[in-house]
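Protein chains in written order, with this note's numbering: chain A, -6 to 222; chain B, -6 to 222.
Glycine included, C-beta positions come from ideal geometry on N, C-alpha and C.
2 protein chains.
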Amino acid sequence: MTRQVYDLCGANDVRFSPYCWRTRMALAHKQLDAEFLAWHFTEQEKLKFSGSRTVPVLVDGDEVISDSWRIANYLETTYTEGPSLFGGERGAELTRFTHAWADAILVPAVARCVIGDILERIELKDQAYFRASREERFGLSLEQMTERRPVYVQALDTALLPLRVCLRRQSWVAGEAPAYADYSIFGVFQWARVISPEDLLTTEDPVFEWREKMLDQFDGLGRRFAAAS
Amino acid sequence: MTRQVYDLCGANDVRFSPYCWRTRMALAHKQLDAEFLAWHFTEQEKLKFSGSRTVPVLVDGDEVISDSWRIANYLETTYTEGPSLFGGERGAELTRFTHAWADAILVPAVARCVIGDILERIELKDQAYFRASREERFGLSLEQMTERRPVYVQALDTALLPLRVCLRRQSWVAGEAPAYADYSIFGVFQWARVISPEDLLTTEDPVFEWREKMLDQFDGLGRRFAAAS
Chain A
-6 MTRQVYDLCG
4 ANDVRFSPYC
14 WRTRMALAHK
24 QLDAEFLAWH
34 FTEQEKLKFS
44 GSRTVPVLVD
54 GDEVISDSWR
64 IANYLETTYT
74 EGPSLFGGER
84 GAELTRFTHA
94 WADAILVPAV
104 ARCVIGDILE
114 RIELKDQAYF
124 RASREERFGL
134 SLEQMTERRP
144 VYVQALDTAL
154 LPLRVCLRRQ
164 SWVAGEAPAY
174 ADYSIFGVFQ
184 WARVISPEDL
194 LTTEDPVFEW
204 REKMLDQFDG
214 LGRRFAAAS
Chain B
-6 MTRQVYDLCG
4 ANDVRFSPYC
14 WRTRMALAHK
24 QLDAEFLAWH
34 FTEQEKLKFS
44 GSRTVPVLVD
54 GDEVISDSWR
64 IANYLETTYT
74 EGPSLFGGER
84 GAELTRFTHA
94 WADAILVPAV
104 ARCVIGDILE
114 RIELKDQAYF
124 RASREERFGL
134 SLEQMTERRP
144 VYVQALDTAL
154 LPLRVCLRRQ
164 SWVAGEAPAY
174 ADYSIFGVFQ
184 WARVISPEDL
194 LTTEDPVFEW
204 REKMLDQFDG
214 LGRRFAAAS
């Protein structure tokens, strides 16, 4: 039975969830195939079987796992013969803080920069849900946030400082080779790349170079998904 | 020959460098003794032998190592029989991002909150250097920063979010047991604790509970140094 991932989908089949991108990269790292099923914000009924209201959801034989972090840990402990996602026994625990930073700091910082672009690139049926949920989350209208974009881009630049410092000292967040610490962060940049024509990084930033290398991983898996224009 | 650490010292022998605290905890973790030599901001000539202008500097037989991160890696690779500071082969690389966050985000966020208190707790001979260097770094007078403290305390609270998320999910930053990822962050809180009467954490914060547990480590090593009053 083919492994399946429920994958957030916008208009024109754009696959733009930062969380689903983590799972896509983790599966590629483990050299595991999967079918990525297009799922839209308003298709709650299609996820009911999983007990989760959000994607990614991985269906692997009889196993149903949701949440990108839990999926990564499932893959790590189930497919022990593949390359390690965390590197070493305590690797998952040591990756936790980096993952928490990506979720708590990077996701909202990037969201503020690209949120207006998302609205334009999701299907009409999903737009009302998206607008209402995001305007509630951020306490501003999408149009107000788009107006403030220069301020948000500057704030993102500041927030990226620890990543920049880390990548000045080693090639990958995980060290000598990319691993889940990298995918956890890369998912957020790939989300921005496929959904927004705004480039959030300048070419002299070590984070830019690292993102380019991430796009080259697994025979250019990330790059095969077009950047928004 | 006794191992020695050059350790930043204020008035009344207060030992308040976040970086020196990392080294103190790392040595205790490795079960290694050391003599901590009081060093003051204006005693540059005493460090000349090391090639470093800042502490900690570790002298271990013929080895002279400066910079808290380099010292931790030196201890890890030199004293392989003691408990690991990083946990596993790739542990140091996986700890790098957490360490970079502590340096790039946490240190300046805490500094803004406690900077006025530091001036009052260092020796007279060091005050002119401290004022000039810090006012240049932050672009504000120490008095202006003290006035803005409520804003800085709020900003620190926000900056702590990834640490809070991490500690809601596992007991220590490094996972099931404390390791260098914890010491790297703890050093910054211990600095604040010994130099400022302001408590920066509320008791319901998971970071507060974690700091209490850190103070208990190694028979209460951190707690043996009095909190500022």
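Which stretch, first to last residue, makes up the beta strand (DSSP E) that contains residue i?
i	result
B/Tyr176	First-last for B/Tyr176: Tyr173 to Ile188, but that is the alpha helix (DSSP H), not the beta strand (DSSP E).
B/Glu140	Where B/Glu140 is concerned, there is no enclosing beta strand (DSSP E), although the alpha helix (DSSP H) it sits in stretches over Leu135 to Glu140.
B/Asp0	Gln(-3) to Leu1
What are the partner residues of residue i, as DSSP defines its beta bridges?
i	result
B/Trp62	Partner(s): none; B/Trp62 has no beta bridge.
A/Trp94	For A/Trp94, which the question treats as bridged, DSSP gives no partner whatsoever.
A/Leu25	DSSP lists no partner for A/Leu25.
A/Asp53	A/Glu56
B/Ala31	B/Asp0
B/Gly168	B/Trp165
A/Arg15	Looking at the DSSP assignment, A/Arg15 forms no beta bridge with any residue, so it has no partner.
A/Arg89	DSSP, once it has assigned bridges, lists no residue as partnering A/Arg89.
A/Arg8	A/Cys2
Does any C-beta atom of chain B lie closer than 8 Å to the C-beta of residue i?
i	result
A/Trp94	yes
A/Glu91	The sequence as given places Thr at residue 91 of chain A; Glu does not occur at that position. Closer than 8 Å: yes.
A/Gln163	yes
A/Gly81	yes
A/Leu154	yes
A/Glu116	no
A/Ala102	no
A/Glu191	no
A/Glu129	no
Please report whether the beta-carbon of residue i lies at a distance below 8 Å from any beta-carbon of chain A.
i	result
B/Glu56	no
B/Asp97	As written in the sequence, residue 97 of chain B is Ala, which differs from the Asp given in the question. Interface residue, yes.
B/His86	Reading off the sequence, residue 86 of chain B comes out as Glu, not His. By this cut-off, B/Glu86 is an interface position.
B/Cys159	yes
B/Val166	yes
B/Leu68	no
B/Glu197	no
B/Glu140	no
B/Glu169	yes
Could you spell out where the alpha helix (DSSP H) holding residue i opens and where it closes?
i	result
A/Ala121	Leu117 to Phe131
A/Glu202	Pro199 to Gly213
A/Asp192	Segment: none, A/Asp192 is in no alpha helix (DSSP H) and carries neither H nor E.
B/Gly109	Val100 to Glu113
A/Arg161	Leu154 to Arg162
With a threshold of 7 Å, establish whether the CB of residue i neighbours any heavy atom of the ligand GDP.
i	result
B/His22	Annotation note on the ligand GDP: not contained in the displayed structure, which lists no ligands.
Quick one: is residue i buried, meaning 16 or more other Cβ sit within 10 Å of its Cβ, or exposed?
i	result
B/Ala95	buried
A/Pro190	exposed
A/Asp0	buried
B/Arg217	exposed
B/Asp175	buried
B/Ser126	exposed
B/Ser222	exposed
A/Glu86	buried
A/Asp212	exposed
B/Ser77	buried
**Message:** Can you confirm whether the segment 177 to 194 of chain A touches the segment 8 to 15 of chain A when touching is taken to mean that 3 or more C-beta pairs between the two stretches lie within less than 8 Å?
**Reply:** Counting Cβ pairs under 8 Å, three or more are found: they touch.
**Request:** Could you say if the segment 111 to 127 of chain B and the segment 34 to 41 of chain B meet the contact criterion of at least three C-beta pairs nearer than 8 Å?
**Result:** The segment 111 to 127 of chain B, when compared against the segment 34 to 41 of chain B, does touch it at the 8 Å Cβ threshold.
**Request:** Take every Cβ of the segment 185 to 204 of chain B, pair it with every Cβ of the segment 141 to 157 of chain B, and state whether three or more of those distances are shorter than 8 Å.
**Result:** Inter-segment contact for the segment 185 to 204 of chain B and the segment 141 to 157 of chain B is present: three or more beta-carbon pairs are separated by less than 8 Å.
**Prompt:** Between the segment 68 to 79 of chain B and the segment 19 to 29 of chain B, do at least 3 Cβ pairs fall closer than 8 Å?
**Reply:** Yes, they touch.
**Message:** Quick test of the definition: if touching needs 3 or more C-beta pairs under 8 Å, does the segment 97 to 113 of chain B touch the segment 132 to 152 of chain B?
**Reply:** Verdict: yes, contact present.
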